[in-house]
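**Student:** Protein chains in written order, with the working numbering: chain A, 191 to 337; chain B, 173 to 363. To start, I am sharing the structure in question, which I have written as structure tokens.
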Amino acid sequence: MNCETYRDRVFDVLAGRPVDRPTFDGHRSSCASCAGLLEGISENERILSGARVPAAPADLWPRIAAALARPVPARRPRGLVFAAAAAALLAAGVVFFSAARAPRPSLDVAIVDASPDSGRAFTALVPRYEDVDAGLALADTLFRFGD
Amino acid sequence: MSERAERADGGADDATWVRRHLEGDPDAFRALYEKYREKVFASAYRIVGESHAAADLVQEIFVKIHGELRSFKFESRFSTWLFRVAVNHALNKASELARHARIRERIARDGRGDPGGTREGRPVDDEVQRAIQALSPKLRAIVGLRYLEGLSYEEIAEVLEISIGTVKSRLFLAHETLRPLLRNVTLEGKE
Chain A
191 MNCETYRDRV
201 FDVLAGRPVD
211 RPTFDGHRSS
221 CASCAGLLEG
231 ISENERILSG
241 ARVPAAPADL
251 WPRIAAALAR
261 PVPARRPRGL
271 VFAAAAAALL
281 AAGVVFFSAA
291 RAPRPSLDVA
301 IVDASPDSGR
311 AFTALVPRYE
321 DVDAGLALAD
331 TLFRFGD
Chain B
173 MSERAERADG
183 GADDATWVRR
193 HLEGDPDAFR
203 ALYEKYREKV
213 FASAYRIVGE
223 SHAAADLVQE
233 IFVKIHGELR
243 SFKFESRFST
253 WLFRVAVNHA
263 LNKASELARH
273 ARIRERIARD
283 GRGDPGGTRE
293 GRPVDDEVQR
303 AIQALSPKLR
313 AIVGLRYLEG
323 LSYEEIAEVL
333 EISIGTVKSR
343 LFLAHETLRP
353 LLRNVTLEGK
363 E
């Protein structure tokens, strides 16, 4: 028997249930940490069972009766609440996916070479639109100096 | 003893009172209350450790039970169902009260108020209750069910919806914590 099983059996012994007593006592006499367990818990049980708690107040029933007599605030039927929540979720989903799939103007950037030979004054990040040619034409317009 | 309490103690069993209540007998719920109020109060007191809070809990628990009796399936004993509702409600309240207690203690430390006391009845009973308050609410609940209500390990397992092994290991943990705290407590001669 190990300590864990012994602890389990202690509660059986204290409840007056049959246990394999020789094995139980054998562990108790051979294990220092379990030796005083039965007596310690038994003493605790004696104190806990003997301690009193205050009596319930006598005026509790009128309080309960008054609480029961109060009208219960009207609650929306659960099904209706769930249906409303589901509808709201569905509407939000439709809006989200519609927005996600709507065509959007594509905006990209291109690095425009501005080497000394190019005649451009500086390197620039130029918006590149769907129509790349149009973008490059715009870049040329904006950054070509001295032509 | 009141007529209702006599009726509760006598003939009809719990299931009969529940059925009568569901059929509209206005006295049936009161009969169940009279039968179990002390037990529910004692369990609540062991968990929250204070009479006023325990009384409030009893009120809340019986109002809750009144509202939920229609869902009682008659598959378990009424007392098991009642204790389950009561202990769960008291455990929820205990964590709420613990938060408030910490606030009260902080206010008291700052010299702005009085944390209030929990002393009830005999000094020895207060000592025991103070020791129990050192346990977690779950361990307090199990100690109350075992040593106050006298429930068997199987009944506790059913109320708390845990295994018998868990019941015993929680009891062991509770005793390990309580042993040094109860070492100098003697029930005799302190009354």
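Where is the CB? At the ideal position from N, CA and C, for every residue including glycine.
Could you check whether Y325(B) and V315(B) sit closer than 7 Å to each other, using their CB atoms as the reference points?
**Tutor:** Walking along the second sequence from the start, residue 315(B) turns up at place 143. Walking along the second sequence from the start, residue 325(B) turns up at place 153. Not in contact: V315(B) and Y325(B) (Cβ atoms no closer than 7 Å).
**Student:** Could you compute how far the alpha carbon of R256(B) sits from the alpha carbon of L332(B)?
**Tutor:** Looking up residue 256(B) in the second sequence gives position 84. Looking up residue 332(B) in the second sequence gives position 160. Answer to the nearest angstrom: the Cα atoms are 6 Å apart.
**Student:** Determine the burial state of G269(A): buried for a count of at least 16 other Cβ atoms within 10 Å of its Cβ, exposed for fewer.
**Tutor:** Along the first sequence, read from residue 1 onward, the residue named residue 269(A) stands at position 79. By the 10 Å Cβ count, G269(A) comes out exposed.
**Student:** Can the beta-carbon of A241(A) be found less than 7 Å from the beta-carbon of E210(B)?
**Tutor:** Within the first sequence, residue 241(A) is the residue found at index 51, counting from 1. Within the second sequence, residue 210(B) is the residue found at index 38, counting from 1. Contact flag unset, no.
**Student:** Can you tell me whether DSSP reads K245(B) as helix, strand or coil?
**Tutor:** Reading the second sequence from its first residue, position 73 is the one you call residue 245(B). Note: K245(B) maps to coil in three-state DSSP.
**Student:** By how many angstroms is the C-alpha of K265(B) removed from the C-alpha of P252(A)?
**Tutor:** The residue you call residue 252(A) lines up with position 62 of the first sequence. The residue you call residue 265(B) lines up with position 93 of the second sequence. Approximately 22 Å, taken between the alpha carbons.
**Student:** When burial is assigned at 16 or more other CB atoms within 10 Å of the CB, is K207(B) buried or exposed?
**Tutor:** On the second sequence, position 35 is the one that residue 207(B) refers to. Result: buried.
**Student:** Please tell me whether L353(B) and A306(B) are closer than 7 Å, where the distance is taken between their beta carbons.
**Tutor:** Locating residue 353(B) in the second sequence gives position 181, counting from the first residue. Locating residue 306(B) in the second sequence gives position 134, counting from the first residue. Yes, the Cβ-Cβ distance between L353(B) and A306(B) is below 7 Å.
**Student:** Which chain B residues sit within Cβ distance under 8 Å of N234(A)?
**Tutor:** Position 44 of the first sequence, counted from the first residue, corresponds to residue 234(A). Those are H347, L350, R351, L354, listed as they occur along chain B.
**Student:** For the ligand PLP, is there a heavy atom less than 6 Å away from the beta-carbon of N356(B)?
**Tutor:** For the structure depicted, the ligand PLP is absent and the ligand set is empty, with no information on it obtainable.
**Student:** Between I231(A), V200(A), I237(A), L238(A), which has its C-alpha nearest E348(B)'s C-alpha?
**Tutor:** Position 176 of the second sequence, counted from the first residue, corresponds to residue 348(B). Checking every option, the nearest Cα to that of E348(B) belongs to I231(A).
**Student:** Using a Cβ cut-off of 7 Å, pull out every chain A residue sitting near Y319(B), in sequence order please.
**Tutor:** Stepping through the second sequence from its first residue, residue 319(B) is reached at position 147. Going along chain A in sequence order, the residues near Y319(B) (Cβ under 7 Å) are E235, L238, S239.
**Student:** Might you give, ordered along the chain, the residues of its own chain that have their beta carbon closer than 6 Å to the beta carbon of V203(A), omitting 5 neighbours on each side?
**Tutor:** Numbered from 1 along the first sequence, position 13 holds the residue referred to as residue 203(A). These residues qualify, in order along the chain: V209.
**Student:** How is D334(B) classed by DSSP in three states: helix, strand or coil?
**Tutor:** Your numbering for residue 334(B) matches position 162 in the second sequence. First, the residue type needs correcting, since residue 334(B) is Ile and not Asp in the sequence shown. Looking at I334(B) - three-state DSSP - the assignment turns out to be coil, as it is neither helix nor strand.
**Student:** Going by C-alpha to C-alpha distance, which of L263(B), Y205(B), I328(B) sits closest to I237(B)?
**Tutor:** Here residue 237(B) corresponds to residue number 65 of the second sequence, with the count starting at 1. Nearest C-alpha to I237(B): Y205(B).
**Student:** From D185(B) to A262(B), what distance separates their C-alpha atoms?
**Tutor:** Numbered from its first residue, the second sequence carries residue 185(B) at position 13. Numbered from its first residue, the second sequence carries residue 262(B) at position 90. One C-alpha to the other measures close to 26 Å.
**Student:** Name the chain B residues whose beta carbon is nearer than 8 Å to that of R253(A)?
**Tutor:** For the purposes of this step, residue 253(A) is taken as residue 63 along the first sequence, with counting starting at 1. Those within 8 Å of R253(A) in chain B are Q231.
**Student:** Quick one: is F201(A) near chain B, going by C-beta distance under 7 Å?
**Tutor:** The residue given as residue 201(A) occupies position 11 in the first sequence. So, interface residue.
**Student:** Buried or exposed, going by whether 16 or more other CB atoms sit within 10 Å of the CB of G285(B)?
**Tutor:** One-based indexing of the second sequence puts residue 285(B) at position 113. With a pLDDT of 39 at G285(B), under the threshold of 50, the predicted position of this residue should be treated as unreliable, though the coordinate-derived value follows. Under this definition G285(B) is an exposed residue.
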